[in-house]
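The opening position of the sequence shown corresponds to residue 1 in full-length UniProt numbering, with each subsequent residue numbered one higher. Below is one structure; the comments refer to it alone.
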Amino acid sequence: MTRPQDFRLLIGPEPFDPIDVAPGALAPGKKATVVQFTAALTIPDVARLKSAYGLVLDRFIPNLAYLEHLDDATVAKVRADFLVRTCTALDPALKLAPWIPATGTPLALIVTLFDDTDLPAVRTSLTAAGARDVQVLDNREIGSHPVARCAIDDRSALPLVAALDDVVWVEPEQATVSFNVEAAQTIQSGTVGEHGGTIWDQKIHGEGQVIDIIEEGGTIDLSHCFFTDDPVNIPGPLHRKVLKLTSKAGTKVTEHAMFVAGIAAGDAQTNQGAHPHRGGAWAAKIVFRTRDTHLVNMLEDGMNAGATIHNTSWGVENPDYDKTARDADDFSFRNEDHVVVGAAAPFHGPNDNRPPGIAKNVLCVAAAEAFPFEMDYGDGQPGPTVPDGRRKPDLIAVGGGISSALLNPAPASGPYCLTGPPQVFGATASSWAAPNAAAAAALVRQYFTEGFYPRGERLGNRPFFPTGALIRAVLLNSTVDMTGSGLPTASLKGYPTALEGWGRIRLDRTLFFPGSPRRLFVNDVRHLAGLTLGQQVTRQVSVANGSEILKITLVWTDVPPAESLHTLPSRNSIRLDVEDPAGVRYLGNDIDRTTGFSRPFAPATSSGADLRNNVQMVIVEHPPAGPWRISLHGDLIFEQQGYALVVSGALK
């Protein structure tokens with residue numbers, strides 16, 4: 001029996017049916033308008049609606065609605081369209097973020113604007129509404145949306161700002177906080193010592209890769225041996241380590257900044273590749289920036305300097321899906337080659353994980369202890385996200401027992417090479433795990449760009465430039481269950497868990513090299529060739545025997561949500577459906593947590609399709625030999641959705 005369509009809008013404190021909202025008074029100017037359709041839109045529908053009415057269709061609101069900037073003449077035409085159920089003006093109260101502090105002034109605000117806004121005029125309108133120090137940032141040139149930063153001294157100005165027709169969303173400007181080489185070997189093989197660096201052994205050290213370090217506060221010291229160059233120690237394309245360094249005048253060198261950058265890609269200038277505390281991708285280069293603007297602008301800056309991996313070992317003060325989270329999702333969706341890594345919030349800090357780590361397309365990383373206790377949890381808040389229940393953190397990397405670059409206790413008169421455990425911050429921290437995962441991402445990217453896939457041998461004539469979704473999928477596919485001690489408030493018992501997500505990175509479980517018992521299959525599809533609404537694609541892999549766990553991972557970089565959709569940011573949904581040679585089916589993320597393996601599909605016991613997470617897994621302990629069918633269903637897709645499929649096991 002088919003359930004009736006739910007037409008309620010899932011924004012604001014309570015869902016409501018927009019057809020019950022009385023039409024607003026006629027006005028000649030454009031205003032924020034919710035357009036709701038009778039069914040999901042196909043690609044031809046989208047093309048026609050954009051052409052006929054100038055709709056943008058970039059701010060989806062469930063169910064079946066979009067936020068548009070329309071005048072009344074256009075609204076009248078849109079209402080008459082056979083696909084349209086209703087059009088209604090958006091209540092200005094729904095433009096105000098619920099996490100705006102209930103008391104106190106002054107309030108620093110971020111005001112998101114429609115793309116067709118007259119920016120000089122809106123600056124005047126904001127000032128007239130009671131805002132001061134108005135600064136308008138035109139992010140349209142980078143493919144994002146214009147915003148205004150301002151402050152108000154009288155809280156009665158809040159509804160006046162929200163009532164402006166050009167305003168999409170108003171939220172507070174949030175402060176950020178930092179989240180407090182054996183670890184580099186553990187992400188490769190799960191062990192340390194002579195045989196611990198299994199990926200390094202293949203001469204994959206980060207060559208040709210660039211990691212962007214976006215730091216909450218503080219900068220790095222170019223006199224440190226991990227970051228220096230000789231004879232010209234000026235960041236730029238000719239510098240051996242630092243391509244670009246951006247920080248405000250007077251920014252101090254901090255241990256947090258030094259330690260994070262060193263974990264990711266630090267290495268001594270002399271005898272490169274031999275320092276015992278070198279970073280996980282020690283041959284990679286660095287772009288470094290101290291946080292000074294909105295995340296989307298800093299990510300764009302890192303990209304323009306050559307980076308494809310971006311690390312953020314910090315978070316904002318509030319756990320809501322805010323502009324920082326949306327910036328990360330927006331940038332990742334528009335720039336498919338990129339991976340943004342975020343640190344889980346520290347265990348000893350406030351509850352719940354924070355942006356940017358909670359963004360859909362960000363790899364949120366918690367910390368494990370150091371070898372031989374790498375199966376023990378070290379740091380990071382357990383998930384899921386609140387209130388929508390997505391799985392964060394995504395995975396674990398070693399964040400304890402690490403030695404990295406340290407501050408010189410005295411002013412440096414020249415290059416120095418002080419390394420060791422952290423002196424100011426905690427010895428185990430998600431801040432240290434995140435750059436370790438970023439280093440792993442750089443190694444994965446190098447594996448593909450240098451032609452190791454599919455034969456496991458470097459073939460320079462077969463470069464393959466992976467999407468960020470594929471890099472994330474490989475990292476997630478490589479994970480192993482954490483079986484050690486958890487936290488007093490959360491256990492590691494079962495798999496996956498709220499603490500570990502999908503487990504600890506171990507790259508040699510997925511990256512194939514000659515002699516490995518586990519082979520690798522990937523299918524990397526960009527948005528332009530992606531799934532459409534209702535489309536199904538099928539891939540087939542052949543399992544040689546059941547000696548190895550079969551692990552199937554699907555990841556997609558999802559469309560950023562409308563700003564007002566902070567409680568339910570998931571948008572496109574792909575269903576993963578796997579069938580073994582005997583016809584037994586498995587659904588993505590339908591896993592028996594007591595065993596950690598996928599359950600054969602049965603209507604009575606299945607948890608059904610996972611509509612929240614853009615990471616899907618099927619894990620089978622003893623897969624029967626023969627052909628396996630992997631079907632991807634575009635159950636709810638706007639336009640086209642790219643994806644990455646990774647399969648590892650005893651494949652033929």
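Positions of the beta carbon are idealized from the N, C-alpha and C atoms, including for glycine. As the structure is a prediction and not an experimental result, all values here were calculated from the model.
Item                                                                                                                                                        : Value
Give me the residue from Ala469, Thr467, Gly468, Phe452 with the minimum Cα distance to Asn461.                                                             : Phe452
Going by alpha carbons, who is nearest to Glu639 out of Gln535, His224, Trp502, Gln540?                                                                     : Gln535
Taking the continuous alpha helix (DSSP H) assigned at Trp169, which residues delimit it?                                                                   : Taken as a continuous stretch (DSSP letters only), Trp169 belongs to no alpha helix (DSSP H), being part of the beta strand (DSSP E) at 167–172.
Given 8 Å as the limit, is there contact between the segment 214–226 and the segment 439–459, that is, 3 or more CB pairs closer than that?                 : no
Can you tell which of Asn297, Trp314, Asp330, Glu336 has its C-alpha closest to the C-alpha of Thr308?                                                      : Glu336
Measuring CA to CA, which of Ile234, Pro146, Glu173 is closest to Leu243?                                                                                   : Ile234
Measuring straight from C-alpha to C-alpha, what distance separates Ala102 and Pro159?                                                                      : 13 Å
Check whether the segment 338–349 touches the segment 361–376, taking contact to mean three or more Cβ pairs, one atom from each stretch, closer than 8 Å.  : yes
The beta strand (DSSP E) with Lys323 in it runs from where to where?                                                                                        : No beta strand (DSSP E) contains Lys323, which is instead part of the alpha helix (DSSP H) from 323–334.
Return the CA-CA distance between Thr557 and Ala410, expressed in angstroms with no decimal places.                                                         : 46 Å
Less than 7 Å separating the beta-carbons of Ala121 and Ala157?                                                                                             : no
What's the call for Asp116, buried or exposed, on a 16-neighbour Cβ count within 10 Å?                                                                      : exposed
Report back the beta-carbon spacing between Gln446 and Glu207 to the nearest angstrom; my notes put them in contact at under 8 Å.                           : 6 Å
Let me check one thing: in DSSP terms, what residues is Tyr416 bridge-paired to?                                                                            : His224
According to DSSP, is Met617 helix, strand or coil?                                                                                                         : strand
What number of angstroms, rounded off, separates the C-alpha of His633 from the C-alpha of Gln641?                                                          : 11 Å
Look at the alpha carbon of Leu636 and the alpha carbon of His566, and state the distance between them as a whole number of angstroms.                      : 19 Å
Using the C-alpha atoms, what's the distance from Gly484 back to Ser144?                                                                                    : 43 Å
For a test of the three-state rule: what should DSSP assign to Val161, helix, strand or coil?                                                               : helix
Keeping to the same chain, check which residues put their C-beta closer than 8 Å to that of Ser606; ignore five residues upstream and five downstream.      : Leu587, Asp590, Arg599
Among Ile204, Thr467, Val480, Pro231, which has the Cα closest to the Cα of Val522?                                                                         : Thr467
At 3 residues or longer, what runs of the beta strand (DSSP E) sit wholly inside the segment 514–587?                                                       : 519–525, 536–543, 550–555, 573–579, 585–587
The alpha helix (DSSP H) with Asp267 in it runs from where to where?                                                                                        : From DSSP, Asp267 is part of no alpha helix (DSSP H); its letter is neither H nor E.
How long is the line joining the alpha carbons of Val181 and Thr489, rounded to whole angstroms?                                                            : Because the pLDDT at Val181 is just 46, under 50, the model does not fix this residue reliably, and the point stays unresolved.
Assuming Ile396 contacts Gly494 (C-beta within less than 8 Å), just tell me the rounded distance between them.                                              : Contact doesn't hold; Cβ gap of about 15 Å is too wide.
For the candidate residues Asp166, Val480, Ile574, whose alpha-carbon lies nearest to that of Ile505?                                                       : Val480
For my contact list, Arg354 and Val316 are in at a C-beta cut-off of 8 Å; report their separation, rounded to the angstrom.                                 : 5 Å
Can you tell me whether His310 is helix, strand or coil according to DSSP?                                                                                  : strand
Quick check for students: name the residue ranges of the beta strand (DSSP E) that lie wholly in the segment 3–51, counting only runs of 3 or more.         : 31–37
Quick check on Ala368: does DSSP put it in helix, strand or coil?                                                                                           : strand
If you drop the 5 nearest sequence neighbours on each side, which residues of the same chain put their C-beta closer than 6 Å to that of Leu10?             : Pro62, Leu568
Looking only at its own chain, which residues have a Cβ that is under 7 Å from the Cβ of residue 670, when we skip the five neighbours before and after it? : Look at the range of the chain in this structure, 1 to 652, and you will see that residue 670 is not part of it.
State the DSSP-derived secondary structure class of Pro627, mapped to helix, strand or coil.                                                                : strand
In terms of DSSP beta bridges, what is Asp212 paired with?                                                                                                  : Val287, His310
Curious, which full-length alpha helix (DSSP H) runs of at least 4 residues does the segment 458–512 contain?                                               : 468–477
If you draw a straight line from the alpha carbon of Tyr377 to that of Ala370, how long is it in whole angstroms?                                           : 10 Å
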